[in-house]
Amino acid sequence: MHKAPIVLAVDTPELVTAIEWVKATQDYVSVYKLGLEFFLTFGSDGVKAIKDVTNSDIFLDLKLHDIPHTVSGAAKAVSHLKPRFLTVHASGGSAMIKAAVDALPTTHVTGVTILTSLSEADVADIGFRDNALSSAVGLSKIAVGAGAGAIVCSPLEIAAIRAAVGAGPIIITPGVRPADSTVTDDQVRTMTPKAAIATGANFVVIGRPITQSWSLGAAAMRDRAAQIASELI
Ligand code: C5P
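So in numbering that gives the first Met the number 0, the last spot in the sequence shown is 232, and the numbers never skip.
Below, the structure is given as structure tokens:
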């Protein structure tokens with residue numbers, strides 16, 4: 000079956016569990032997102048262990064943010080893993096983003112705009128001149144201008160960012176919840192995966208709405224991934 004435009008957030012501190020999640024869902028999941036906790040715990044060997052059990056792509060969510068020279072070195076340090084996506088904070092600026100792009104020519108360097116965990120008050124406190132939406136649009140333009148191939152944003156920002164950056168860049172959005180989800184967790188301003196894709200996202204990041212079904216076993220998790228995938232393809 001054709002895989003759905005789902006990025007599964009592999010948020011677990013156990014490598015064995017992570018591998019089982021991938022095995023259970025990979026018929027439906029295009030990309031596996033491995034974050035800071037995973038990478039700091041299991042390193043490159045952990046990423047390779049995931050790659051060994053799937054032909055789906057890897058999204059390294061390291062959210063790099065440092066001076067260009069350091070980001071360049073960090074990007075080169077993971078180049079052998081050939082991630083399809085590697086995140087950097089777009090607020091690191093054009094030269095920093097370009098340093099990552101130059102270091103990883105075959106990866107989509109992915110600009111993270113405004114974290115969805117930030118409130119409007121937080122955005123103002125940090126010193127952004129504009130509100131979260133306008134700031135996210137501005138950061139997306141900087142990222143794409145510096146060569147980023149993808150953007151991470153809130154589902155509520157998809158339309159404005161798509162209008163600003165055009166059809167080329169890949170838009171990836173967390174903060175989605177299936178219509179029947181009993182899981183709300185800490186995601187407050189959500190959209191359904193189907194609505195996010197219809198609005199112009201190329202991929203949706205989904206974690207707990209799929210991974211929590213692991214408590215019912217591998218077959219249940221596979222069924223849950225299949226059900227959500229069926230709404231997207
Ligand atoms: O909430 P869920 O488990 O679906 O989250 C999946 C991923 O979305 C997490 O790995 C996290 O990185 C990301 N996320 C986010 N912004 C939030 C909450 C989660 O980007 N407010």
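Positions of the beta carbon are idealized from the N, C-alpha and C atoms, including for glycine.
In angstroms, rounded to a whole number, what distance separates the CA positions of residue i and residue j?
i: residue 3; j: residue 219; result: 18 Å
i: residue 107; j: residue 60; result: 12 Å
i: residue 68; j: residue 43; result: 21 Å
i: residue 57; j: residue 81; result: 8 Å
i: residue 17; j: residue 122; result: 34 Å
i: residue 31; j: residue 130; result: 31 Å
i: residue 102; j: residue 39; result: 21 Å
i: residue 62; j: residue 27; result: 26 Å
i: residue 198; j: residue 224; result: 21 Å
i: residue 217; j: residue 211; result: 11 Å
i: residue 147; j: residue 96; result: 7 Å
i: residue 164; j: residue 221; result: 35 Å
i: residue 133; j: residue 120; result: 14 Å
i: residue 51; j: residue 45; result: 10 Å
i: residue 75; j: residue 104; result: 10 Å
i: residue 189; j: residue 195; result: 9 Å
i: residue 25; j: residue 109; result: 22 Å
i: residue 66; j: residue 214; result: 42 Å
i: residue 127; j: residue 89; result: 13 Å
i: residue 202; j: residue 153; result: 12 Å
i: residue 73; j: residue 35; result: 13 Å
i: residue 1; j: residue 176; result: 22 Å
i: residue 180; j: residue 209; result: 10 Å
i: residue 111; j: residue 87; result: 6 Å
i: residue 178; j: residue 11; result: 24 Å
i: residue 64; j: residue 91; result: 5 Å
i: residue 157; j: residue 13; result: 33 Å
i: residue 167; j: residue 142; result: 13 Å
Could you tell me which residues DSSP puts in a beta bridge with residue i?
i: residue 233; result: With the chain covering 0 to 232 only, the question about residue 233 has no answer from this structure.
i: residue 190; result: 175
i: residue 31; result: 7, 57
i: residue 109; result: 86, 149
i: residue 46; result: According to DSSP, residue 46 bridges with nothing at all.
i: residue 63; result: 87
i: residue 127; result: Paired residues: none, contrary to the question.
i: residue 205; result: 7
i: residue 196; result: Paired residue(s): none; residue 196 is not in a bridge.
i: residue 170; result: 150
If residue i sits next to residue j, beta carbons under 8 Å apart, how far is it from one beta carbon to the other, in whole angstroms?
i: residue 151; j: residue 125; result: Contact flag wrong, Cβ pair sits at about 18 Å.
i: residue 192; j: residue 227; result: 6 Å
i: residue 53; j: residue 21; result: 5 Å
i: residue 99; j: residue 71; result: 7 Å
i: residue 205; j: residue 8; result: 7 Å
i: residue 135; j: residue 169; result: Rounded, the Cβ-Cβ distance is 15 Å, inconsistent with contact.
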